[in-house]
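Okay, so here's the structure we're looking at.
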Amino acid sequence: MGVTRKRALALSTIVTAGALALTACAGARGGEPAASNDGAEWSQTTPEASGNAGTISWGFYYEPATVDPAHSFNYAENQADANMCESLYVLNPDFSSSPSLAEETERPDDTTYVFTIRDGVTFWDGTPLTAEDVAFSLNRNLDPEVASYFSQNYTNVQSVEATGEREVTVKLAQPDVLFEAGLSTAATAIVQQAFTENAGAEFGAPSTGVMCTGPFQFDSWTPGTSLVMTKNENYWNTERAALSDRIEFSFLPEPSTQTNALMTGQLDGMYQVPASSIAQLQASPSGTLYLGESLITFDIIGGAREGAFADPKIRKALSLALDREAIASNVFAGAAEPANTLVSSTAWGYAPEVFEEAAAEIAPAEVDLEAAKALVAEAGSPTDTIVLAYNSGDTSMVQVANEAQSAAEQIGLKLELKPMPSTAYQTIFFDPETQAGVDAWMTIWYANTPEPLDVYSMFIEGASSYNFSGYSNADVNADLTAALSELDETKRAELVVKAQATLVEDVPWIPVVHLANTLYMNDRVTGAPASFIDLYSPWGAQVGTP
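According to the numbering used here, the sequence shown is numbered sequentially starting from 1445.
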């Protein structure tokens, strides 16, 4: 694991009782870019824009399911919502966090947050933002009928109440660092109570949209084609007001169509460009491909509860047989780094020296076929077929699947590939019927903020539906549970790396490569942040002409 991209950043604006500070993100090298696998630089920003680009044409590689922030837990949904629905805090390109709709936060004790709501903020319809709107929005994450995708950030929240004209108080059962980490994500995205209640089940749908306070407002959504948002002319934050008039997001599921649209100027830009087109876009004479600092990792999820792949020795064997350097170079054209843990060094949001020391103790992500064969023999040389599923519409997954099959064959394992259409593949994350008969599947996973627990906490027994195999280790359970409520950053980091060491050996998920946050913009526009904050920061407001 590389250590060149760690950051030690803090939410220094939080006011606390005593000496407590609310920390969230990671940092150490100022604005310097970092090196990718092939020597290219990974950036945080792009050249600042200076003018109005009119309509910005942007690409999504799939159509969002909704723009309801409570159900926005994927790239397109969050990239759209980030420009419309603001949170209490906002992520910056260096992964630090700044006050947004929460002007100030006080911590009278370890389990109480008192938010002062910013004065003078209005929704797009002109009505003022109230403490009641904020309390309503946060409480949606506690409502089982809403079934918020950010409910894990609210595991220890006991109550959310408007306690003053511009004051909202949140009480926790115990300290919870994931609640803190969620303050700059859609976990605290604020919507208008009246609009949301009137919309009912149609809230966030194409026919209705949302009502928020951000620099762009929902305009229209043509199913199967595009989503349009227009500039909020009355946006409260004049320093971050939108430069351009309009963003039109086109839904283009085919990689070749995306690439052609970018190369010809049909699209001005796009995040998460097709891996198969990285080299072509890097050579484009009409635009620039940026590799942004990232919290994204390509993983193989262990989902088996029985059979060969339920054995950690077999999972470790396959991991040792994977040629990650080749995958990073050949599949992702250098926009990736070999991964030996499920979080990259960018996620070391505190006590970086603890994480760095632990990283030095972990074996490099290198091929070791002899060690892999020995593990297979120790496991009894199973003859069971291991079924690996993947999205057949994602060329990077197709290529990694073929590499995994070849690696398995070299160490005496039988691995069968199960390509799935994109729509079916998406259901494997929540549908037991789709998971049936599948031992493993691929994913491109990410931490929401530079907090390793955002990823690792799902391996606490019973804590997450994403622990598909039912992985359980008593020490991991104890260490991660303690870490979630540990406010001392050094102690928390020590607990996390202790659990991480066990997870490296047990490999419930196999980390393959850490991915750059890819961003392409043609020469007509500039300004979008390169780092992986496009899910929770109003990035579109910064896009304009050079």
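For every residue, glycine included, the Cβ atom is placed at its ideal position computed from N, Cα and C. All of these numbers come straight from a predicted model, not from anything done at the bench.
Per DSSP, the beta bridge partners of I1888 are F1742. With 16 or more other Cβ atoms inside 10 Å of its own Cβ, Q1986 counts as buried. Within the model, the alpha-carbon separation for W1665 versus D1512 is close to 13 Å. For P1537, the closest alpha carbon among the candidates K1935, W1486, N1518 is that of W1486.
Taking the CA atoms as reference points, G1608 sits about 22 Å from A1617.
With distances taken between CA atoms, Q1849 lies nearest to M1886 out of M1886, T1549, A1868. Between T1674 and F1660, the C-beta gap is smaller than 8 Å, which places the two residues in contact. In the structure shown, N1585 adopts helical secondary structure according to DSSP, grouped into three states. Burial check for T1499: the Cβ neighbour count within 10 Å stays below 16, so the residue is exposed. Relative to the Cα of M1707, the nearest Cα in the group T1732, A1575, S1694 belongs to T1732. For V1948, the enclosing alpha helix (DSSP H) stretches over residues 1933-1950. The alpha-carbon of T1657 is positioned some 6 Å away from that of T1566.
At a Cβ-Cβ threshold of 8 Å, F1976 and G1736 count as neighbours. Shown here for Y1890: same chain residues with a beta carbon closer than 6 Å to its own, the five before and five after excluded, namely L1739, I1740 in chain order. The residue from I1954, N1961, S1901 with its alpha-carbon nearest to that of R1936 is S1901. Here S1981 is buried: its Cβ has 16 or more other Cβ atoms, across all protein chains shown, within 10 Å. In the DSSP assignment, L1762 falls outside any beta strand (DSSP E) and within the unbroken alpha helix (DSSP H) covering 1756-1765. A Cβ-Cβ separation of about 5 Å places L1819 in contact with K1757 under the 8 Å criterion.
Following the DSSP letters along the chain, one finds Y1980 in no beta strand (DSSP E), marked with neither H nor E. Annotation for N1846: the continuous alpha helix (DSSP H) segment containing it runs 1839-1854. Ranked by Cα distance from L1627, the options P1588, P1650, S1541 are led by S1541.
Annotation: the continuous beta strand (DSSP E) that includes Y1533 extends over 1533-1535. For E1646, there is no enclosing beta strand (DSSP E), as DSSP marks it with neither H nor E.
The alpha-carbon separation between V1844 and E1492 amounts to approximately 36 Å.
The beta carbons of I1855 and L1813 sit about 6 Å from each other, so the pair counts as a contact at 8 Å. Proximity of the region 1577-1584 to the region 1630-1639 meets the contact definition, three or more beta-carbon pairs being nearer than 8 Å.
In the pairwise beta carbon analysis, the region 1827-1837 is classified as not touching the region 1776-1792: fewer than three pairs are separated by under 8 Å.
In the structure shown, F1799 adopts helical secondary structure according to DSSP, grouped into three states. Nearest in C-alpha terms to Q1488, of all of P1990, G1984, G1971, is G1971.
Of the other Cβ atoms in all chains shown, 16 or more fall within 10 Å of the Cβ of N1597; this residue is therefore buried. The continuous beta strand (DSSP E) containing M1673 extends over residues 1670-1675. For Q1661, the uninterrupted beta strand (DSSP E) run begins and ends at 1660-1666, by DSSP. Taking 3 residues as the minimum length, the beta strand (DSSP E) runs contained wholly in the region 1559-1636 are 1601-1608, 1611-1616, in order along the chain. When the beta-carbon positions are compared, R1768 and V1948 stay at least 8 Å from each other. Of the residues F1873, F1799, V1811, R1562, the one whose Cα lies closest to the Cα of K1760 is V1811.
By the 16-neighbour rule on beta-carbons within 10 angstroms, R1749 is exposed.
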